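Asker: Residue numbers (the numbering used here): 5 to 261. The beta carbon of each residue, even a glycine, is placed where N, CA and C say it ideally should be. Since the structure is predicted, the reported quantities are computational estimates derived from the model, not experimental observations. Sharing a structure below in structure tokens format, with a few things to ask.
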Ligand code: DC
């Protein structure tokens, strides 16, 4: 279940049938467990899952691979029409392809994690991805995860969640997530490796999360913020299954099933 992004979007399917359509928007800062929760909610509902952060990461990887400075807005904008990538919407299998090559691990590496900050602040990139994100989000029953889903991408979503957690708890979770994944190359490799993937430095992880969050929250275009009608869930004290349950309860209350 993938959709090609480039000249156009290929067939998106397998989102449980598009007879009825809904979007559950899940936004929030890094390290809240957003991705896992969004995927589990999607699986529980038999819905699709769209990771918009991965789309920004893929563009960032393409920028780096082309030798373009991620902070050069014009150079980055000029690359966009030449990009072709696949966006998976199956919550059970997230394989990201850039020009046919599997870059699922590479997009979680440190270089991309640094480059994605200026690339995602670039209005040309945001405008270019927005159409694709909307097309996918409205293609069926979808759980969509990012920073601006409830505010910009699908402001009419019937359920918007803003997932947050204490900064220290988010750093602890991200650090643990990095440390438990063996064989991660230095510089990153698996899901959101903001450090070297070893039992490295909790302080460095905390610093990098802070760097990203403050850039994401203060950028001029589509900053990270809760939609006015979002349900804010503070997961600092919640285990993942409890957070998933809370989202599913809200979905049921709003007639989303
Ligand atoms: O969810 P993530 O950490 O993989 O996202 C990578 C970056 O992409 C994040 O630092 C901010 C940006 N992003 C964004 O600007 N808007 C989104 N909807 C999703 C991600």
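With distance defined between alpha-carbon atoms, name the residue in 63, 139 and 223 nearest to residue 80.
Answerer: Residue mapping note: residue 80 aligns to position 76 of the chain shown, counting from 1. Comparing Cα positions, the closest option is 63.
Asker: Which runs of the beta strand (DSSP E) spanning at least 3 residues fall entirely within the stretch 65 to 129, listed in chain order?
Answerer: Segments of the beta strand (DSSP E) lying fully in the stretch 65 to 129: 89 to 92.
Asker: Pop quiz: residue 35 and residue 178 are said to be a contact at Cβ under 8 Å. What is the actual Cβ separation, rounded to whole angstroms?
Answerer: The sequence position of residue 35 within the chain shown is 31, counting from 1. The sequence position of residue 178 within the chain shown is 174, counting from 1. The pair is a contact, with the Cβ atoms about 4 Å apart (cut-off 8 Å).
Asker: Confirm, please, whether the CB-CB distance from residue 237 to residue 26 is below 7 Å.
Answerer: Translated into the one-based positions of the chain shown, residue 26 becomes position 22. Translated into the one-based positions of the chain shown, residue 237 becomes position 233. No. Outside cutoff.
Asker: Going by DSSP in three states, residue 29 sits in which element: helix, strand or coil?
Answerer: Within the chain shown, numbered from 1, the residue matching residue 29 stands at position 25. Strand at residue 29.
Asker: Between which residues of its own chain and residue 152 is the CB-CB distance below 6 Å, once the five residues before and five after are set aside?
Answerer: For the purposes of this step, residue 152 is taken as residue 148 along the chain shown, with counting starting at 1. These residues qualify, in order along the chain: 226.
Asker: Can you round the beta-carbon distance between residue 41 and residue 163 to whole angstroms, since I take them to be within the 8 Å contact cut?
Answerer: Start at 1 with the first residue of the chain shown, and residue 41 comes out as number 37. Start at 1 with the first residue of the chain shown, and residue 163 comes out as number 159. Between residue 163 and residue 41 the Cβ distance is about 13 Å, and since that is not below 8 Å, they are no contact.
Asker: Given 6 Å as the limit, tell me if residue 67 has its C-beta closer than that to any heavy atom belonging to ligand 1.
Answerer: Here residue 67 refers to the residue found at position 63 when the chain shown is read from its first residue. Outside the cutoff, so no.
Asker: Would you check whether ligand 1 has a heavy atom nearer than 6 Å to the C-beta of residue 53?
Answerer: Taking the chain shown and counting its residues from 1, one reaches residue 53 at position 49. No - ligand 1 has no heavy atom lying nearer than 6 Å to the Cβ of residue 53.
Asker: Can you give the Cα-Cα distance for residue 126 and residue 132, rounded to whole angstroms?
Answerer: As a first step, residue 126 is located in the chain shown; it is residue number 122 there, counting from the start. As a first step, residue 132 is located in the chain shown; it is residue number 128 there, counting from the start. Taking the straight line joining both Cα atoms gives about 10 Å.
Asker: Can you tell me whether residue 163 is helix, strand or coil according to DSSP?
Answerer: As a first step, residue 163 must be located in the chain shown, where it is residue number 159. Three-state result, residue 163: strand.
Asker: May I have the straight-line CA-CA distance separating residue 192 from residue 58, to the nearest angstrom?
Answerer: Numbered from its first residue, the chain shown carries residue 192 at position 188. Numbered from its first residue, the chain shown carries residue 58 at position 54. Note that residue 192 scores 33 on pLDDT, short of 50, meaning its location in the model is unreliable; the coordinates nonetheless yield the value given after this. Rounded to whole angstroms, residue 192 to residue 58 spans 15 Å at the Cα level.
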